[in-house]
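For the sequence shown, the numbering used here begins at 157 and goes up steadily by one.
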Amino acid sequence: MRAIPLRRYLLFVAIVLLGTVADLTTKSWIFARLWQRPEVLEIVPGFVELEVSLNQGALFGIGQGMTRLFAALSILALLGVAYWLFWLGEIRKLWLCVALAAVTAGILGNLYDRLALHGMVWPPNYELAGEPIHAVRDWILLRYGDYRWPNFNVADSLLVCGAIMIGIEGLREQRRAASAGTDEGAPSNDD
């Protein structure tokens, strides 16, 4: 088995750092300006708006109040990514390296919120007043007519993009496996 080039590790770390910093910076900036204000800022009228919300669940608000479970699942997912990339050596594949770096950045950004590392506390008019907020900070709102997509953030976008890339890689692997049956000598496309 050939050695993994250092640049692949550096690429993974760079994407994880940039993605996580972009997520946490945008959340902090938006929440510093809009938290506890009823306003919605229109960016592209009728389509893209900024509106802060706190999600104590997962995708589309599923599992509200199960923050500890989702934090634990996030840690397991990080371990799974590390196993897949480093133990199984999949970091050799550029596409998977980028995809799993995006997923890792997304997991870290939302885990940071679930662990309440942002330092926010529930305001006086809430049931949990003064308690740390263990919730993901969402702020991007997409609308089309009367349709409203659930609020999300940069971490969510990274998770979705990474998952789509993993799905595409799975389809590519199937195609390669199918063609390997007819063309045994075809070179692999690791880079």
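Virtual Cβ for every residue (Gly too), placed ideally from N, Cα, C.
Residue i, DSSP secondary structure in three states
i	result
V204	strand
V169	helix
T277	Sequence check: residue 277 is Val here, not Thr. DSSP places V277 in strand when its eight states are reduced to three.
I320	helix
R164	helix
E325	helix
V196	coil
I289	coil
Y239	helix
Residue i burial status per 10 Å Cβ neighbour count (16 or more: buried)
i	result
D302	exposed
G286	exposed
S335	exposed
T223	buried
N281	exposed
A105	Nothing can be reported for residue 105, as the shown portion of the chain is limited to 157 through 347.
L162	exposed
W185	exposed
L232	exposed
L256	buried
Residue i and residue j closer than 8 Å at C-beta
i	j	result
T176	G236	no
V208	F187	yes
A261	V172	yes
L297	L215	no
A238	L267	no
I289	M276	yes
I320	I247	no
R304	G202	no
P306	G217	yes
Residue i versus residue j - alpha carbon distance
i	j	result
A178	N309	10 Å
R332	C317	22 Å
F242	T338	31 Å
N259	S313	As written in the sequence, residue 259 is Val, which differs from the Asn given in the question. Approximately 9 Å between the Cα atoms of the pair.
V196	Q212	21 Å
L315	L167	17 Å
R158	E329	20 Å
Whole-Å CB distance - residue i paired with residue j, under 8 Å assumed
i	j	result
E325	W278	That pair is no contact at about 41 Å.
V292	R270	6 Å
Near the ligand ADP: residue i beta-carbon under 7 Å from a heavy atom
i	result
I231	Questions concerning the ligand ADP fall outside what the structure shown contains, since it holds no ligand whatsoever.
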